[in-house]
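Peer 1: Below you will find the structure I want to go over with you.
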């Protein structure tokens, strides 16, 4: 009989560290946050995480033998063995965070990339529930992704599997510069920032009437709201977004052929109008074996990461 | 102690069925071919395969207990459980070929898509030897592919993982019609047929002098030969091919992040000039974690399939 009753899911972000205390059955008992101290190249972070775990163990009056371990999400590429290849967000160079945290906590640790653990969380308890082969795309300030195959994260040899935001969409579009130094990547069209960039470009290109012109500043949400209200230019922009995402997700399917796509991040709050635009273009130009996939909205929001972290341990 | 000393690798093609008799250590003891009888919707094929296996068992004077089983390659999508989703090449509809062949042979059977088993064969004994995470692309009359993750074929939920030839490269290029009914897919640029199409288009577009103009008909091999001899137009064509393949393989890496790419098929006989063109463009526009991958030529030729079939059983 297994004595393990609890586990921790710890999702390290650039500003805060989200912490979850779970039962071994995956019930979230408690969640809290601590600040991410990035000074001294992020060297205080591992100890801060160990301290908050130790405090929670003490507070709950439980013993380490009852704890399955700690799942850790990191905002950078993480290899299968827990090696962080670099994490500019936190100031980390190449370190094995799994080994470091096992040393500090005395508990088993599994580490994964933050977008990948969010995908695993959504598979387990969110929009991908009931599926084992899931591709998740997170549309926020940037575009992230996670590839779950046979119920497990595909981390990749250099921890860079699921880097969907850096798929090349428009090789010729050298104006659309990516944070990574490349250009024409999916992130420049499908992130909240990219949607605004496309909107400004389209409005500047001609004088077509559009309710978007009445706004002083445009957000991604505005584009969806005006599209829902019937504005043609806004609808064209949503269609353009659907075209980029539909094509990118079809090309991803041609590599791993998943069961379902889960769309998350702030942009996904647009809801069905977004899913419909993606699905229309996904099914437009491809081989029949890959068509007709399911598209779902993410449901866990910012908690997806801690759920996925917990799942890594219970796997 | 394991008594299994032998296994069979059977690669079913549209014209011939390639058969291999292997030791359980993966040594190819003997290979032979039988014709593919496609009449009556390919219904004779399973019995033909069972008969040739039974004949070989008798000829060698061995017993079934000594045989690990039969690995089967099929020219169509095959699910993890051995379901062929459709195989227009052979006339098959939806059948479970694993169950059918186990019934007919009385041996354990594993089935996979032909391009996927070829990729597995190249990983095991060919250009991808020593690696466990391999993406293979086969450049022949069409473009095929196989994705090997952690040493195993990624078949995909509908058996359509690794359908690399159907990645969309040029959504706007509606002239470049694909066999699948789509357009602008990788196959229309990177297959032998696609290379010839691009060459004709380029020669027709202007009057630039080119030694290719002296040829009555142009083959993909001509393009490489003239490029090696210094013809500018031919070199531009090789560069264009490298651009399509480099971009497609980079986008594949952003999904699964493999260790190595193996390039096979008739077009790959061009050798280093092809690898160099792909590698140049692969490294041109992407995130650093995905750059600097290895590119290798396939080495097993038409035997890749039977090797991969055998490997499925010995896994």
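Chains as they are written, first to last, in the working numbering: chain A, 61 to 375; chain B, 61 to 375.
Every residue gets a Cβ at the ideal spot worked out from N, C-alpha and C, and that includes glycine.
On a predicted model such as this, the values are computed, not experimentally measured, just so you know.
If residue 364 of chain B sits next to residue 324 of chain B, beta carbons under 8 Å apart, how far is it from one beta carbon to the other, in whole angstroms?
Peer 2: Contact between residue 364 of chain B and residue 324 of chain B holds, with the beta-carbon distance rounding to 7 Å and staying under 8 Å.
Peer 1: Any beta carbon of chain B sitting closer than 7 Å to that of residue 182 of chain A?
Peer 2: no
Peer 1: Of all the options A:290, A:319, A:165 and A:157, which has the alpha carbon lying nearest to the alpha carbon of residue 189 of chain A?
Peer 2: A:319
Peer 1: Kindly indicate which residue of B:67, B:366 and B:312 has the alpha-carbon position closest to the one of residue 193 of chain B.
Peer 2: Looking at the Cα atoms, B:312 is the closest of the given residues.
Peer 1: When you compare the CB of residue 337 of chain B with every CB in chain A, is at least one pair closer than 7 Å?
Peer 2: So, not an interface residue.
Peer 1: Where does the unbroken alpha helix (DSSP H) through residue 102 of chain B begin, and where does it stop?
Peer 2: 99 to 102
Peer 1: Report buried or exposed for residue 305 of chain A, applying the criterion of at least 16 other Cβ atoms within 10 angstroms of its Cβ.
Peer 2: buried
Peer 1: Here's the rule: buried if 16 or more other CB atoms are within 10 angstroms of the residue's CB, otherwise exposed. What is residue 347 of chain B?
Peer 2: buried
Peer 1: Along chain A, in chain order, which residues have C-beta atoms closer than 9 Å to that of residue 307 of chain B?
Peer 2: What residue 307 of chain B touches in chain A: 228 and 231.
Peer 1: Can you find at least 3 beta carbon pairs, one from the segment 89 to 109 of chain B and one from the segment 348 to 358 of chain A, that sit closer than 8 Å?
Peer 2: no
Peer 1: Does residue 262 of chain B come out as helix, strand or coil in the three-state DSSP assignment?
Peer 2: helix
Peer 1: Please go through the segment 101 to 171 of chain B and give each complete beta strand (DSSP E) segment of 3 or more residues, from N-terminal end onward.
Peer 2: 127 to 134
Peer 1: Could you give the first and the last residue of the continuous alpha helix (DSSP H) run that contains residue 372 of chain B?
Peer 2: 364 to 374
Peer 1: By the criterion of Cβ-Cβ separation under 8 Å, what are the contact partners of residue 170 of chain B in chain A?
Peer 2: The contacting residues do not exist; residue 170 of chain B stays about 16 Å from chain A at best.
Peer 1: Residue 209 of chain B touches chain A at which residues, Cβ-Cβ below 8 Å?
Peer 2: Close partners of residue 209 of chain B in chain A (Cβ separation under 8 Å): 209 and 214.
Peer 1: Tell me, to the nearest whole angstrom, how far the beta carbon of residue 368 of chain A is from that of residue 92 of chain A; I am working on the premise that it is less than 8 Å.
Peer 2: The Cβ separation is near 18 Å, so there is no contact.
Peer 1: Would residue 75 of chain B be called buried (16 or more neighbouring beta carbons within 10 Å of its own) or exposed?
Peer 2: By the neighbour-count rule (16 or more Cβ atoms within 10 Å), residue 75 of chain B is not buried but exposed.
Peer 1: With H, G and I counted as helix, E and B as strand and the rest as coil, what does DSSP make of residue 188 of chain A?
Peer 2: coil
Peer 1: Which residue comes first and which comes last in the alpha helix (DSSP H) that contains residue 229 of chain A?
Peer 2: No alpha helix (DSSP H) holds residue 229 of chain A; DSSP gives it neither H nor E.
Peer 1: If you run the structure through DSSP and keep just helix, strand and coil, what is residue 323 of chain B?
Peer 2: strand
Peer 1: I'd like to know if residue 323 of chain B contacts chain A, where contact means its C-beta is closer than 7 Å to some C-beta of that chain.
Peer 2: no
Peer 1: Please name the residue in A:88, A:86, A:110 and A:84 whose C-alpha comes closest to that of residue 94 of chain A.
Peer 2: Per the C-alpha coordinates, the member of A:88, A:86, A:110 and A:84 positioned closest to residue 94 of chain A is A:110.
Peer 1: For residue 59 of chain A, go through chain B and note every residue whose CB falls closer than 8 Å to its CB, in chain order.
Peer 2: No information on residue 59 of chain A is available, as it lies outside the stretch 61 to 375 that chain A covers here.
Peer 1: Taking 7 Å as the cut-off, decide whether the C-beta atoms of residue 149 of chain A and residue 137 of chain A are in contact.
Peer 2: no
Peer 1: For residue 321 of chain A, which of A:170, A:195 and A:162 has the nearest alpha-carbon?
Peer 2: A:195
Peer 1: Beta carbons nearer than 7 Å to chain E: which residues of the segment 280 to 293 of chain B have them?
Peer 2: The question asks about chain E, but that chain is absent: this structure's protein chains are A and B.
Peer 1: Can you name the start and end residues of the beta strand (DSSP E) that residue 199 of chain A belongs to?
Peer 2: 194 to 199
Peer 1: Could you say if the segment 137 to 146 of chain A and the segment 170 to 179 of chain A meet the contact criterion of at least three C-beta pairs nearer than 8 Å?
Peer 2: yes
Peer 1: With DSSP run on the structure shown, which of helix, strand or coil describes residue 89 of chain A?
Peer 2: strand
Peer 1: List the DSSP bridge partners of residue 243 of chain B.
Peer 2: B:237
Peer 1: Closest by CA to residue 216 of chain A, which one among B:65, B:69 and B:350?
Peer 2: B:350
Peer 1: So with Cβ pairs under 7 Å, would you call residue 296 of chain A a contact of chain B?
Peer 2: no
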